[in-house]
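For the sequence shown, the positions run 1 to 566 when UniProt numbering is used.
Yeah, the Cβ is synthetic: ideal placement off N, Cα and C, and Gly gets one too.
Here's the structure, in structure tokens; my notes come after.
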Amino acid sequence: MTTPAPSTGSIIIADDDPSILLLLRHFLTENNYAVTQARSGREAIELCREQTFDLAIFDLVMPEVDGISACKEITLQTSNPPPVLIITSLDDDTSINRAFDAGAIDYVTKPINWSVFKQRVKRIVESEKNCQKIKRLEFHDALTGLPNRTLLLDRLESATYRAHRNKNMVALLMIDIDNLKLINETLGHTNGDKLIQSVATRLSEAIRDTDTLSRSGGDEFNLIIENIQQLEDVALMASKLSRVIEHNLTLQDQQIHVKASIGISVYPQDGNDIGSLLSHADAALYRAKDKGGNSYEFYSPELGTKARRRLQLENALRHAIDNDELVVFYQPKVNLSNNAATGIEALVRWNHPDQGIIAPDEFIPIAEETGLIIQLGKQVIEKACAQFKQWQDNNLPINNISINVSARQFKEQDLVSLLQQVLEQHELNASHIELELTESTLLKNEDQAELKLNQLHDMGIKISIDDFGTGYASLSYLKRLPIDILKIDKSFTDGIVHDSDDIAIVNAICGLASGLGLELVAEGIETAEQLKRIKDLGVNYGQGYYWSPPRPADQYVEWLENLQNK
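In structure tokens:
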């Protein structure tokens, strides 16, 4: 069996006439070109954005987007545009000039002289390949094939522009192989080059397709990471790269332990221009080397500390959830008409073995972003319902328990079935359960939210809107969705004594709740003055440190017994 000849080059052809496409494809394939065809100028443009070609051959006249328009758009808007050859039945000066003005490199008239056509295609493809080789030599490192410093600067400029437009971050990692100079001096530059190539291969395999890895010469690599939302993602990548680089390499029968130091600067926090980002990453690199190498440092100590702490917290939180180490605290919901604590709110707490109690506003966002909130929320529901059942069996005067549900947890398909399962397991009446949701959770996907809320309501579960008044301004959802309770946010309670705006807002919320037949709970009551004003405005229930902070289950029972004995 004969082996097919290797492709001479890749060509895209575009023509709205199927017969011309067939002829072109047959001729070019016979001459060993890899051919991609498009039936319109628009399709050709999209293909040129997705793939790289050595030549584009477009018919001049096509509907919607003609060959000249396609040529112009590809030349201006694609990162690596191919040279364009225009085929035309028009040989007037105006048409020819328009083609060249749009960026075409040559033209061929119909009917096609196939011998002339063959030579022109061959000349253009060979010229393009030579240009690509020259560009590669100009913009790539000869030893590793990676982008060089010139291309790095161009990519970094583009990355910061996109980050500015999209309001996100870009990280520049400067990676320096530790002790390469010593290896070059003792084992020679040939072995030093082998080490560099080994590191380049390892780094290339560890990064995303959207990242840019370059070699600036010597022992230095640079990595551009785009679309960063959280700084800990950068710390995670730096930590990963340190592990990837660290390996044993045999050179001249000697085991070389390879490791590297990494300096990190972040746009826009560490600089708005590429010069600042480069110099600051370099400064961070020297700090990492001063600490003995084989580590990474952020230019901004604050950013580094924050990113490391968050990464450590994420790992510790994952461990805590997997090992069921999180605990549930309980805070009373007090009936303001008789000062009876007839309800409770379940609140998750994390008692870290080394750091003590970690505030929920520090670990809950991490749980949300990583998806750990699903497992965490499930544990809270199960523990809270089990504890509530135990208190019911002991005849404690607690009528209902309120459980917070995050936006991500609310979206989970099995939330309703989870609640059904837990209620059946503990033989609890659903009417004793309240779920607290924020306004934004309900309004992110109103149709799905309405369906799920109706399912929960049909079970008998009550729905409470947490932090009411701090989210969306639209109130139409209150009459459309099955809402039972509004919780007045602590920010309004804080100013209820002296701030006329807060008084007016709470008064309006009270009127709204009364008109819709909704129960009202004021959060964050801490003083007798706040309590009096809240009661005067007609609020039904209150929560806050005036009565009790959130407590573990055993301490809550003790507090409740003391309250009853007063």
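Start and end of the alpha helix (DSSP H) containing Lys535? 528-536
Measure from the alpha carbon of Ile358 to the alpha carbon of each residue in Asn97, Ala316, Ile374, then state which is nearest. Ala316
Going straight from the alpha carbon of Pro397 to that of Ala171, what length do you get? 56 Å
Three or more beta-carbon pairs under 8 Å between the stretch 70-80 and the stretch 137-148, yes or no? no
Pull up the distance between the alpha-carbon of Ile496 and that of Asn399, whole angstroms please. 28 Å
Would you call the CB atoms of Thr144 and Ala206 closer than 8 Å? no
Span separating the alpha-carbon of Gln420 from that of His352: 32 Å
Compute the beta-carbon to beta-carbon distance between Asp322 and Ser261, rounded to the nearest angstrom, for a pair I have assumed lies under 8 Å. Actually they are not in contact, since the Cβ atoms of Asp322 and Ser261 sit about 33 Å apart, beyond 8 Å.
Outcome for His189 when other beta-carbon atoms lying within 10 angstroms are tallied against a minimum of 16: exposed
Quick one: using the 10 Å Cβ neighbour count with 16 as the cut-off for buried, is Trp114 buried or exposed? exposed
Closest Cα partner of Gln387 within the set Gly371, Arg25, Ile374, Leu347: Leu347
Contact under 8 Å by Cβ, Arg149 with Phe329: no
One question on the structure: do Pro147 and Thr212 come within less than 8 Å of each other, judged by their Cβ atoms? yes
With three or more beta-carbon pairs closer than 8 Å as the criterion, would you say the stretch 530-549 touches the stretch 365-373? no
Consult DSSP for Val234 and reduce its assignment to one of helix, strand or coil. helix
Between the CA atoms of Asn294 and Arg287 - distance to the nearest angstrom: 11 Å
Does the beta-carbon of Leu560 have 16 or more other beta-carbons within 10 angstroms, so that it is buried, or is it exposed? buried
Could you have a look at Thr29 and say whether DSSP puts it in helix, strand or coil? helix
Using 8 Å as the threshold, is the C-beta distance between Leu85 and Ile45 below it? no
Ile11: buried (16+ other C-beta within 10 angstroms of its C-beta) or exposed? buried
Say whether the stretch 241-255 touches the stretch 225-233, bearing in mind that this needs 3 or more beta-carbon pairs closer than 8 Å, one atom from each stretch. no
Bridge partner(s) assigned by DSSP for Trp350: Ile358
Whole-angstrom distance between Val61 and Thr2, CA atom to CA atom: The predicted model places Thr2 with a pLDDT of 47, which falls under 50 and marks its position as unreliable, so this point remains unresolved.
Buried or exposed: which applies to Ala307, given that a residue is buried once 16 or more other Cβ atoms fall within 10 Å of its Cβ? buried
Since Ile68 contacts Arg98 with CB under 8 Å, what's their CB separation in whole angstroms? 5 Å
Would Phe462 and Ile485 be called neighbours here (beta carbons separated by less than 8 Å)? One detail in the question is off: residue 462 reads as Lys in this sequence, not Phe. The answer is yes: Cβ separation under 8 Å.
Using only the alpha-carbon positions, how far apart do Asp15 and Leu24 sit? 10 Å
Could you give the distance in angstroms between the alpha-carbon of Gly371 and the alpha-carbon of Glu345? 23 Å
Close Cβ partners of Ala284 (< 7 Å) along its chain, the five nearest in sequence each way excluded: Gly263, Ile264, Ser265, Glu297, Phe298, Tyr299
Between the Cα of Glu292 and those of Phe221, Asn179, His247, spot the shortest distance and give me the residue it belongs to. Here residue 292 turns out to be Gly, not Glu, going by the sequence shown. Gly292 has its Cα closest to that of Asn179, out of Phe221, Asn179, His247.
Closest to Pro81 by CA distance: which of Thr36, Arg49, Gln379, Ser89 is it? Arg49
Whole alpha helix (DSSP H) elements within the stretch 238-306, 4-residue minimum: 274-290
Evaluate Val521 with the Cβ neighbour count: other Cβ atoms within 10 Å of its Cβ, from every protein chain shown; 16 or more gives buried, anything less gives exposed. buried
Output the residue ranges of the alpha helix (DSSP H) runs that lie fully inside the stretch 357-410 and measure 4 residues or longer, sorted by chain position. 360-370, 372-393
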